Amino acid sequence: MHIPDGFLDTKMIAASLAASAPLVGVAVARTKKVFDDRQIPKMSVMAAFIFAAQMVNFPIAGGTSGHLLGAALAAILLGPWSAVLIMTTVLIIQCLVFLDGGLTALGGNILLMGIVAPWVGWWVYRLLAGKSTDRTRVLGATFLASWCSTIAASVVGTLLIVFSGYVTINIALPAMLGWHVLIGIGEGLITSVVVAYLTQVKSELVFQNQKA
Amino acid sequence: MKKGVFLALLVSLAIAAFLSPFASTSPDGLERVAEDKGFIHLSEGKQVVKSPMPDYVMPGVKNETTAGSLAGVAGTLITFAVMYGVGKIYIRKSRRVGGRQ
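As you go down the protein sequences, you meet chains A and B in turn.
Mapping of the first sequence onto my numbering: position 182 corresponds to residue 182, and the numbering continues sequentially without gaps.
Mapping of the second sequence onto my numbering: position 35 corresponds to residue 247, and the numbering continues sequentially without gaps.
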């Protein structure tokens with residue numbers, strides 16, 4: 001879902017930077033509380049996993065592919081502010097080292113995949129899972145939270161391009177939603193499998209945020 | 213936990229090395245919409261930076277699959293190292309400033 005250079009006009013480049021930069025700043029400040037020697041390796045390996053998993057595009061219908069965002073996964077396991085930092089780090093590396101996502105679109109990509117996706121994933125997860133440690137409920141919540149995070153990111157991405165004036169909303173939005181409804185299922189499945197595995201081997205990692 | 217982190221890093225590296233060659237090369241959702249709705253040309257030739265490993269291909273490696281896997285492994289390690297470095301620098305700073313711990 002990485003927006004390339006050219007899809008955003010100057011106004012939307014500025015707007016997306018103005019929206020995402022302060023929120024990343026808040027994430028940096030907020031994670032100060034949790035940034036201890038135990039959290040750093042977890043965040044680092046989560047970032048590494050998301051980078052690797054994002055390389056593996058899975059085919060969906062009709063000659064289109066999708067890949068994991070991992071934003072909901074990071075938010076569920078490490079909390080939403082840590083997830084914002086993790087996603088931002090991954091997106092900056094993808095942009096600068098691998099030309100995945102344009103430099104002018106970096107603010108936009110951070111906004112949709114680094115901020116909107118983890119927060120929507122987190123909200124939906126907390127809404128549905130509550131403080132439950134029931135495995136079925138947690139996994140159901142994980143699936144839906146991940147699906148919603150993909151949908152939300154695709155809607156915000158669409159709006160950025162629409163407001164840039166390059167395509168109208170009634171053409172772009174149904175098309176984007178059509179594909180991302182399916183890509184979100186992949187996101188939900190992969191995230192649920194990872195969380196399901198972790199409930200078996202390291203259940204406190206999954207349930208630690210339930211207490212908050 | 214250290215063992216868990218190490219294992220998870222190994223899994224991530226394995227995904228980058230051995231699963232990424234099987235990645236679908238079809239356009240992703242956004243690219244597909246851009247193609248279908250006629251605005252994909254906006255991105256052509258617009259890249260504003262040069263990157264060391266464009267499109268996840270390790271330069272100087274002839275075999276395409278190997279070049280992709282190597283770029284994936286490199287990227288996974290870079291991502292781990294950058295996040296770790298940012299965290300460590302930040303902790304040291306916040307301890308000095310805030311006096312926590």
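Glycine included, C-beta positions come from ideal geometry on N, C-alpha and C.
Since the structure is predicted, the reported quantities are computational estimates derived from the model, not experimental observations.
In terms of alpha-carbon separation, which member of the options lies closest to residue i?
| i | options | result |
| --- | --- | --- |
| Ala47/A | Ile86/A, Leu160/A and Phe58/A | Ile86/A |
| Thr73/A | Gly165/A, Leu160/A, Thr150/A and Pro174/A | It should be noted that the sequence gives Leu, not Thr, for residue 73/A. The shortest Cα separation from Leu73/A among Gly165/A, Leu160/A, Thr150/A and Pro174/A belongs to Thr150/A. |
| Phe234/B | Leu103/A, Asn57/A and Ala75/A | Asn57/A |
| Lys42/A | Ile13/A, Gln54/A, Ile60/A and Ala75/A | Ala75/A |
| Pro174/A | Ile161/A, Ala19/A, Val155/A and Thr191/A | Val155/A |
| Trp123/A | Met113/A, Leu144/A and Ala29/A | Leu144/A |
| Asp134/A | Phe207/A, Glu187/A and His67/A | Phe207/A |
| Gly250/B | Tyr197/A, Gly188/A, Thr168/A and Leu159/A | Thr168/A |
| Gly216/B | Lys11/A, Leu111/A, Arg38/A and His2/A | Arg38/A |
| Lys11/A | His2/A, Thr158/A, Ser164/A and Gly121/A | Ser164/A |
| Asp100/A | Lys214/B, Leu242/B and Leu231/B | Leu242/B |
| Lys277/B | Lys214/B, Ser232/B and Ile227/B | It should be noted that the sequence gives Thr, not Lys, for residue 277/B. For the residues Lys214/B, Ser232/B and Ile227/B, the minimum Cα distance to Thr277/B belongs to Ser232/B. |
Along the chain, where does the alpha helix (DSSP H) that runs through residue i open and close?
| i | result |
| --- | --- |
| Gln208/A | Premise fails: Gln208/A is in no alpha helix (DSSP H) and is neither H nor E. |
| Ile185/A | Ile169 to Val201 |
| Tyr125/A | Ala117 to Ala129 |
| Met87/A | Pro80 to Phe98 |
| Gly241/B | Gly241 to Asp248 |
| Pro41/A | Gln39 to Met55 |
| Gly63/A | Taken as a continuous stretch (DSSP letters only), Gly63/A belongs to no alpha helix (DSSP H), as it is neither H nor E. |
| Val217/B | Lys214 to Ala226 |
| Met12/A | Thr10 to Thr31 |
| Asn109/A | Leu106 to Asn109 |
| Ala141/A | Arg135 to Phe163 |
Which residues in the same chain as residue i place their Cβ atom closer than 7 Å to its Cβ, once the five residues preceding and following it in sequence are excluded?
| i | result |
| --- | --- |
| Thr31/A | Trp81, Ser82 and Leu85 |
| Leu221/B | Phe292 |
| Leu205/A | Leu77 and Leu198 |
Residues in its own chain within less than 6 Å of residue i by CB, not counting five upstream and five downstream?
| i | result |
| --- | --- |
| Phe218/B | none |
| Trp179/A | Thr64 |
| Ala141/A | Tyr125, Leu128 and Ala129 |
| Gly188/A | Phe143, Ser146 and Trp147 |
| Ser224/B | Thr288 |
| Gly186/A | Phe58 and Gly66 |
| Val138/A | Ala129 |
| Val120/A | Cys148, Ser149 and Ala152 |
| Ile190/A | Leu68 |
Please return the same chain residues whose Cβ sits closer than 8 Å to the Cβ of residue i, not counting the five positions on each side in sequence.
| i | result |
| --- | --- |
| Met265/B | Pro271, Ala283, Ala286 and Gly287 |
| Phe51/A | Val90, Ile93 and Gln94 |
| Val162/A | Thr168, Ile169, Ala172 and Leu173 |
- Taking a cut of 8 Å between CB atoms, which residues from the segment 138–155 of chain A lie near chain B? Ser154
- Query: Along the segment 167–200 of chain A, what residues have a CB closer than 7 Å to any CB found in chain B?
  - Reply: Val167, Ile171, Ala172, Ala175, Met176, Trp179, His180 and Ile183
- Item | Near-chain A residues of the segment 257–278 of chain B - C-beta to any C-beta below 7 Å | Lys258, Gln259, Val260, Val261, Ser263, Pro264, Met265, Pro266, Asp267 and Tyr268
- Given 8 Å, three or more beta-carbon pairs between the segment 3–23 of chain A and the segment 246–254 of chain B: yes
- Residues from the segment 225–243 of chain B in contact with chain A, defined by Cβ distance under 9 Å: The segment 225–243 of chain B vs chain A, Cβ under 9 Å: Leu225, Ala226, Ile227, Ala228, Ala229, Leu231, Ser232, Phe234, Ala235, Ser236, Thr237, Ser238, Pro239, Asp240, Gly241, Leu242 and Glu243.
- Quick check: the segment 99–109 of chain A against the segment 8–21 of chain A, are there 3 or more CB pairs under 8 Å? yes
- Task: Give the residues from the segment 54–83 of chain A that approach chain B closer than 9 Å (Cβ to any Cβ), ordered along the chain.
- Result: Met55, Val56, Asn57, Phe58, Pro59, Ile60, Gly62, Gly63, Thr64, Ser65, Gly66 and His67
- Message: Using a Cβ-Cβ cutoff of 9 Å, what residues of the segment 88–101 of chain A are near chain B? List them in chain order.
- Response: Thr89, Val90, Ile92, Ile93, Gln94, Cys95, Leu96, Val97, Phe98, Leu99 and Asp100
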